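S.K.: Here's a structure for you.
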Amino acid sequence: MTSNKPYIVGAFYDWISDNELTPYIVVDVNVYGVQVPMAFVQDGQIVLNISSTAVGSIVMGETAIEFSARFGGKLEHLVVPYGAIGAIYAKENGAGTSLPIEHPEELPEEAESVQTAPKPKLAGVESTSVSKESRADDKTEKPKGKPSLKVIK
Numbered sequence: 000m001t002s003n004k005p006y007i008v009g010a011f012y013d014w015i016s017d018n019e020l021t022p023y024i025v026v027d028v029n030v031y032g033v034q035v036p037m038a039f040v041q042d043g044q045i046v047l048n049i050s051s052t053a054v055g056s057i058v059m060g061e062t063a064i065e066f067s068a069r070f071g072g073k074l075e076h077l078v079v080p081y082g083a084i085g086a087i088y089a090k091e092n093g094a095g096t097s098l099p100i101e102h103p104e105e106l107p108e109e110a111e112s113v114q115t116a117p118k119p120k121l122a123g124v125e126s127t128s129v130s131k132e133s134r135a136d137d138k139t140e141k142p143k144g145k146p147s148l149k150v151i152k
């Protein structure tokens, strides 16, 4: 059977949004496939506001959530596999659920096909790849204050 995590995350996202609250997700950045701005990661996790007013072009796919958001004024393309989501909750009252972190089990053949397969793109959003070297450089720079997403109209 396939994972039920995409259904659970999608249901909580809809429920939180329908109640006019702000959905936040806690993401474990050590899971394969996570693409987030590493400068805003603390203790291997990042908390992201995924409300429709805070992000652009959110796509809740079969295996991952993809969206664009601004961090420090810079537009970033984020990819969050469902296995990396440790919790989804409403900012205002904490209603939500915690979820187990799921690391994908890759066989050597699957690893090759993942590397050669083209990455899906959102319409009108350019994706930038981040090398492991630049991620290591990002960890040395500490952002000031608590990370947050801002709505810019």
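Residue numbers (numbering that gives the first Met the number 0): 0 to 152.
Where is the CB? At the ideal position from N, CA and C, for every residue including glycine.
Bear in mind the structure is a predicted one, so any value in this text is a computation, not a measurement.
1. Looking only at C-alpha atoms, which of V35, E104, E91 and A83 sits nearest to S97?
2. Considering only DSSP beta bridges, list what L77 is partnered with.
3. Does I45 come out as helix, strand or coil in the three-state DSSP assignment?
4. Apart from the five residues just before and just after P36, which ones in its own chain have a Cβ nearer than 6 Å to its Cβ?
5. Could you round the C-beta distance between V32 and V78 to whole angstroms and report it? I think they count as a contact, below 8 Å.
6. Short check: CB of M56 to CB of S67, under 8 Å?
7. Where does M59 sit, in a helix, a strand or coil, going by DSSP?
M.R.: In this structure, then:
1. Indexing the sequence shown from 1 puts residue 97 at position 98. Considering only alpha carbons, the answer is A83.
2. For the purposes of this step, residue 77 is identified with residue 78 of the sequence shown, where counting begins at 1. The partner list for L77 (beta bridge, DSSP) reads F66.
3. Sequence index remark: in the sequence shown, residue 45 carries index 46 (1-based). Note: I45 maps to strand in three-state DSSP.
4. Taking the sequence shown and counting its residues from 1, one reaches residue 36 at position 37. So the qualifying residues of the chain are F70 and E75.
5. Here residue 32 refers to the residue found at position 33 when the sequence shown is read from its first residue. Here residue 78 refers to the residue found at position 79 when the sequence shown is read from its first residue. Correcting the residue identity first, residue 32 is Gly in this sequence and not Val. With a Cβ gap of about 6 Å, G32 and V78 count as contacting.
6. Position 57 of the sequence shown holds residue 56. Position 68 of the sequence shown holds residue 67. For clarity, residue 56 is Ser in the given sequence; the question names Met instead. Result yes, Cβ atoms of S56 and S67 sit closer than 8 Å.
7. Mapped onto the sequence shown, residue 59 falls at position 60. If DSSP states are grouped into helix, strand and coil, M59 belongs with the strands.
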